[in-house]
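Okay, so the sequence shown: first residue is 223 according to the working numbering, each after it adds one. Contents: one structure, followed by commentary.
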Amino acid sequence: MRDPVTDEMVLEGGALVLADNGICCIDEFDKMDENDRTAIHEVMEQQTISISKAGISTTLNARTSILAAANPIYGRYNPRISPVENINLPAALLSRFDIIFLLLDVPNRESDEQLAKHVAFVHMNNRHPDIGTDNVVFSPHEVRSYVAQARTYRPVVPESVTEYMIRTYVRMRDQQQRAEKKGKQFTHTTPRTLLGVVRLAQALARLRFSEVVTQDDVDEALRLIEASKDSLNIDYGNGRRGLNASSRIYNLVKALADSGACRADDAEDDELGVELSMRKVKERVIAKGFTEDQWMNALEEYTMLDVWQTTGSGTRLVFVTTAGDDGNDDMDDL
223 MRDPVTDEMV LEGGALVLAD NGICCIDEFD KMDENDRTAI HEVMEQQTIS ISKAGISTTL
283 NARTSILAAA NPIYGRYNPR ISPVENINLP AALLSRFDII FLLLDVPNRE SDEQLAKHVA
343 FVHMNNRHPD IGTDNVVFSP HEVRSYVAQA RTYRPVVPES VTEYMIRTYV RMRDQQQRAE
403 KKGKQFTHTT PRTLLGVVRL AQALARLRFS EVVTQDDVDE ALRLIEASKD SLNIDYGNGR
463 RGLNASSRIY NLVKALADSG ACRADDAEDD ELGVELSMRK VKERVIAKGF TEDQWMNALE
523 EYTMLDVWQT TGSGTRLVFV TTAGDDGNDD MDDL
């Protein structure tokens with residue numbers, strides 16, 4: 223832009239430059255100008271913005287995280303077509319995001335009524351309703367102070383955890399290859415996926431005010447990536463919603479085995495990730511919303527079917543067949 227006093231061309235910082243060392247939130251990401259979209263490629267890859275115009279040539283820092291929201295290409299998500307056809311964004315740009323979640327507006331009487339009451343209350347009272355919960359509620363000031371303290375830590379990844387991440391990445395690539403053969407894969411596992419696991423694991427370590435990344439941090443990072451992929455692979459027309467709790471728990475545990483997550487700490491490299499820690503698997507199952515009784519019923523049912531076995535005095539879960547066995551297509555996906 224031109225300086226109003228000197229009439230010379232000067233630089234004015236945009237959203238990404240102003241968000242240096244912070245977070246930049248972008249709405250209507252799918253409607254962004256093509257030139258801005260090209261600039262975001264550089265920001266997400268190199269954390270800088272290069273400018274060469276009007277006789278000015280410089281590089282500005284844009285060390286920022288990007289939280290973006292976009293709408294489907296047709297205005298409303300069509301579950302009958304693939305996510306690629308619904309999302310009007312190039313694959314090269316999508317691959318630069320560590321996690322992508324699909325949020326659908328599915329009609330539900332209870333949630334719709336709750337939302338309508340909230341909107342009506344805010345409109346009439348010009349304030350948000352009271353939380354009405356016994357849980358601890360943190361103020362914005364407390365959250366900002368906590369985040370500021372967490373950002374002072376620089377967690378490192380020890381060699382043992384590095385080896386665990388490498389083995390997990392290799393298994394994820396193998397799992398992708400099997401899924402592609404069946405035409406069930408939308409997202410792809412690339413070296414950027416591995417970098418995303420590192421970033422998420424380091425962020426989780428910061429939340430614990432820790433200087434060292436642990437295997438649990440890596441497992442939680444993998445869980446977030448798995449949940450992201452699950453949200454993109456929703457299919458309302460394939461009948462999977464009718465699966466009982468035991469079948470859905472089996473699908474979850476099978477996905478954990480294929481991805482290499484929740485492995486026992488001292489599992490051998492040649493076990494293909496099928497020997498899992500019972501404690502970690504149970505935590506994942508409970509976190510998915512299943513009850514402990516449902517988990518125990520599924521564990522007993524598939525043990526009787528000789529699909530898996532418990533070893534180590536009930537501390538480990540071992541699949542009888544290898545993770546690469548594709549004998550049951552209906553049980554392969556979550």
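A virtual CB, placed ideally from N, CA and C, is assigned to each residue, including glycine. Note that the structure is a prediction, hence the values are computed from the model and not measured.
With contacts defined by Cβ atoms closer than 8 Å, residue 288 and residue 282 do not form a contacting pair. With a minimum length of 4 residues, the unbroken runs of alpha helix (DSSP H) contained wholly in the region 413 to 451 fall at 413 to 429. Sequence-distant partners of residue 453 (beyond 5 residues in either direction) whose C-beta falls short of 7 Å from its own C-beta, in its chain, are 323, 324. Under the DSSP definition of a beta bridge, residue 485 partners with 498.
Going by DSSP, residue 238 is part of the alpha helix (DSSP H) stretching over 237 to 240.
Partner residues in a beta bridge of residue 510, as assigned by DSSP, do not exist. In the three-state DSSP reduction, residue 518 falls in the helix class (H, G or I).
When DSSP states are grouped into helix, strand and coil, residue 378 belongs to the strand group. The count of Cβ pairs closer than 8 Å, one atom from the region 431 to 439 and one from the region 330 to 341, stays below three, leaving the stretches out of contact.
In this chain, the alpha helix (DSSP H) harbouring residue 336 covers 331 to 347. Between the C-alpha atoms of residue 294 and residue 309 there is a straight-line separation of about 5 Å.
In this structure residue 399 is exposed. Its beta-carbon is surrounded by fewer than 16 other beta-carbon atoms within 10 angstroms.
Contact annotation, residue 411 with residue 394: C-beta distance approximately 5 Å; criterion of less than 8 Å satisfied. Per DSSP, residue 539 is one residue of the beta strand (DSSP E) stretching across 538 to 541. Inclusion of residue 503 and residue 478 in the CB contact set at 8 Å is warranted, their separation being smaller than that value.
Only exposed fits residue 233, as fewer than 16 other CB atoms lie within 10 angstroms of its CB. Separation of residue 414 and residue 346 (C-alpha to C-alpha, rounded to the nearest whole angstrom) is 47 Å.
DSSP places residue 367 in the uninterrupted alpha helix (DSSP H) bounded by 362 to 372. In the DSSP secondary-structure assignment, residue 283 is bridged to 270. As a beta-bridge residue in DSSP terms, residue 531 pairs with 540. When DSSP states are grouped into helix, strand and coil, residue 474 belongs to the helix group.
A check of alpha carbon separations from residue 241 across 302, 284, 268, 362 identifies 284 as the nearest. Excluding five sequence positions before and after residue 516, the CB atoms of its chain that fall closer than 6 Å to its own CB belong to 467, given in chain order. For residue 479, DSSP assigns no beta-bridge partner whatsoever.
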